[in-house]
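Going by UniProt numbering, the residue at position 153 of the sequence shown is 153; the numbering climbs one at a time, nothing skipped. Where is the CB? At the ideal position from N, CA and C, for every residue including glycine. For reference, the structure discussed in these notes is given below.
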Amino acid sequence: MYDAVTIIVMTLTTTLNRVVSLEILSGLCFVPEEGHRQVLTALTEVSPLLCERTRFQTLIDSLHRSCSSDRETDRLRTAVLGLINALLRTGTAESSVEFRSHLRFELLMLGITRATEAARPTASARLEDHLDLFEMMRNEDEITLSGGMSNDFDSSSPIGFDNAVNIMEALHSKLKDSLALPHFISLIQHLFMVPFDEKHVPLWKLFDLILQHLTLQCTVDGVTDVHQPIYNAVDMTEMLTRLHTHCEYERVERELDKLKEELDMERTRCIEMENRLADLQDGRASISSRLAT
Numbered sequence: 001m002y003d004a005v006t007i008i009v010m011t012l013t014t015t016l017n018r019v020v021s022l023e024i025l026s027g028l029c030f031v032p033e034e035g036h037r038q039v040l041t042a043l044t045e046v047s048p049l050l051c052e053r054t055r056f057q058t059l060i061d062s063l064h065r066s067c068s069s070d071r072e073t074d075r076l077r078t079a080v081l082g083l084i085n086a087l088l089r090t091g092t093a094e095s096s097v098e099f100r101s102h103l104r105f106e107l108l109m110l111g112i113t114r115a116t117e118a119a120r121p122t123a124s125a126r127l128e129d130h131l132d133l134f135e136m137m138r139n140e141d142e143i144t145l146s147g148g149m150s151n152d153f154d155s156s157s158p159i160g161f162d163n164a165v166n167i168m169e170a171l172h173s174k175l176k177d178s179l180a181l182p183h184f185i186s187l188i189q190h191l192f193m194v195p196f197d198e199k200h201v202p203l204w205k206l207f208d209l210i211l212q213h214l215t216l217q218c219t220v221d222g223v224t225d226v227h228q229p230i231y232n233a234v235d236m237t238e239m240l241t242r243l244h245t246h247c248e249y250e251r252v253e254r255e256l257d258k259l260k261e262e263l264d265m266e267r268t269r270c271i272e273m274e275n276r277l278a279d280l281q282d283g284r285a286s287i288s289s290r291l292a293t
């Protein structure tokens with residue numbers, strides 16, 4: 001099945017087979033157990049052969065493509081949206097808002113919002129249903145992700161993850177009353193110092209891949225993406241255990257320092273009391289000697 005799926009994905013650039021291939025891939029996503037993963041794996045591994053800068057680029061380009069007739073254009077766009085919605089509704093994505101969002105973020109970065117907005121005015125009823133489904137799932141997931149934020153943030157409205165300002169405001173609102181806020185501030189402070197010229201783009205990509213990998217591991221029961229961007233895979237459970245141990249050590253160390261301070265204060269008080277007692281004894285002895293004379 002794996003080899004066959006890969007061959008089907010490779011035909012996405014051919015005009016005659018494109019729509020049929022998309023429809024087959026959409027159906028395969030609903031095959032229990034491995035269907036979704038096999039399709040996602042094939043789309044990922046064939047990406048370099050399709051000369052894509054990043055996965056899913058061919059799908060988004062197809063949404064912008066005009067065919068020989070309006071009917072064929074609509075049919076192609078419907079097939080593309082059908083596959084995208086299938087990828088977001090099956091497999092790990094079916095039960096995990098984090099994994100759905102992970103895939104959707106890639107599509108947003110490729111400009112799917114502009115593509116869907118351009119397709120809507122001339123969309124057929126079937127294509128419009130797919131567009132509505134995509135937007136509905138996106139809005140629901142963004143509202144779900146915004147849960148648990150502070151009261152001054154409207155968690156009943158979608159965040160808008162294709163807007164950097166919206167993301168930063170929502171993230172700050174989510175973290176501002178948590179112990180994670182200092183680490184978030186430190187993170188963006190150090191990111192601010194990273195050069196953003198072409199030479200350092202690979203460094204930004206490395207940050208991106210590491211964060212994607214760790215995020216999926218800690219939110220989707222250890223699941224990571226199919227293309228394993230980090231070759232020396234990080235064991236998130238082990239890392240969290242070590243960090244927890246380190247944090248526990250820091251907590252005990254702080255308590256020990258506090259106890260040492262309290263002990264020093266008690267020692268100071270004891271010395272002061274001893275000095276006072278010595279002074280009283282000296283005074284008593286002096287008075288006794290005077291009375292004796």
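Simplified DSSP state of residue i, which is helix, strand or coil
i: residue 295; result: Outside the shown range of the chain (1 to 293) lies residue 295, about which nothing can therefore be said.
i: Cys-67; result: coil
i: Phe-207; result: helix
i: residue 304; result: Residue 304 lies beyond the residue range present for the chain, which begins at 1 and ends at 293; the question has no answer from this structure.
i: Cys-29; result: helix
i: Asp-3; result: helix
i: Thr-78; result: helix
i: Asp-264; result: helix
i: Ile-112; result: helix
i: Leu-83; result: helix
i: Asn-17; result: coil
i: Ser-178; result: coil
i: Val-201; result: helix
i: residue 298; result: Absent from the structure is residue 298, since the part of the chain shown begins at 1 and ends at 293.
i: Pro-158; result: coil
i: Asp-225; result: coil
i: Phe-99; result: helix
i: Val-252; result: helix
i: Val-220; result: coil
i: residue 361; result: Residue 361 lies beyond the residue range present for the chain, which begins at 1 and ends at 293; the question has no answer from this structure.
For residue i, the first and last residue of its enclosing alpha helix (DSSP H)
i: Lys-174; result: 164-175
i: Phe-192; result: 181-193
i: Glu-94; result: 92-95
i: Phe-134; result: 125-145
i: Glu-45; result: 35-46
i: Glu-53; result: The sequence shown places Arg at residue 53, not Glu. Premise fails: Arg-53 is in no alpha helix (DSSP H) and is neither H nor E.
Given residue i as reference, the closest of the options once Cα atoms are compared
i: Asp-58; options: Val-46, Met-137, Ser-68, Ser-69; result: Inspection of the sequence shows that residue 58 is occupied by Thr rather than by Asp. Cα-wise, what sits closest to Thr-58 is Val-46.
i: Leu-108; options: Pro-32, Gly-82, Ala-164; result: Ala-164
i: Asp-141; options: Ile-188, Met-168, Leu-88, Leu-171; result: Leu-88
i: Glu-105; options: Gly-160, Leu-25, His-183; result: At residue 105 the sequence reads Phe, which differs from the Glu that was named. Measuring from the Cα of Phe-105, the nearest candidate turns out to be Gly-160.
i: Thr-116; options: Leu-103, Leu-133, Arg-55, Ser-178; result: Leu-133
i: Thr-13; options: Cys-29, Glu-135, Arg-65, Glu-169; result: Arg-65
i: Cys-29; options: Asn-85, Asp-74, Asp-3; result: Asn-85
i: Ala-79; options: Asp-279, Ala-123, Lys-174; result: Ala-123
i: Ser-95; options: Ala-119, Met-137, Asp-129, Thr-41; result: Met-137
i: Asp-212; options: Asp-225, His-200, Leu-203, Val-201; result: Inspection of the sequence shows that residue 212 is occupied by Gln rather than by Asp. For Gln-212, the nearest C-alpha among the options comes from Asp-225.
i: Leu-216; options: Cys-270, Asp-3, Leu-187, Leu-103; result: Leu-103
i: Ile-185; options: Pro-195, Leu-171, Asp-197; result: Leu-171
i: Gly-27; options: Leu-16, Thr-15, Leu-40; result: Leu-40
Contact set for residue i: own chain, Cβ-Cβ below 7 Å, skip 5 residues either direction
i: Thr-113; result: Asp-162
i: Ile-24; result: Ile-8
i: Leu-81; result: Leu-127, His-130, Leu-131, Phe-134
Sequence-distant residues of its chain with Cβ nearer than 8 Å to residue i (five each side left out)
i: Met-273; result: none
i: residue 295; result: Because residue 295 is not part of the residues shown, which for the chain are 1 to 293, the question remains open.
i: Arg-18; result: Thr-11, Leu-12, Ser-62, Leu-76, Ala-79
i: Asn-166; result: Ile-159, Gly-160
i: Arg-269; result: none
i: Ala-278; result: none
Close Cβ partners of residue i (< 6 Å) along its chain, the five nearest in sequence each way excluded
i: His-190; result: none
i: Val-97; result: Asp-141, Thr-144
i: Ala-42; result: Val-5, Thr-6, Val-9
i: Glu-72; result: none
i: Ala-285; result: none
heavy atom of the ligand MN below 6 Å from residue i C-beta
i: Thr-13; result: The ligand MN is absent from the structure shown, which contains no ligand whatsoever.
Proximity test, Cβ basis, 7 Å: residue i and chain D
i: Ala-278; result: In summary, chain D is missing from the structure at hand, where a single protein chain is found.
Quiz item: Would you call the region 7-20 and the region 50-64 in contact, with 3 or more CB pairs under 8 Å?
Solution: Yes, the region 7-20 touches the region 50-64.
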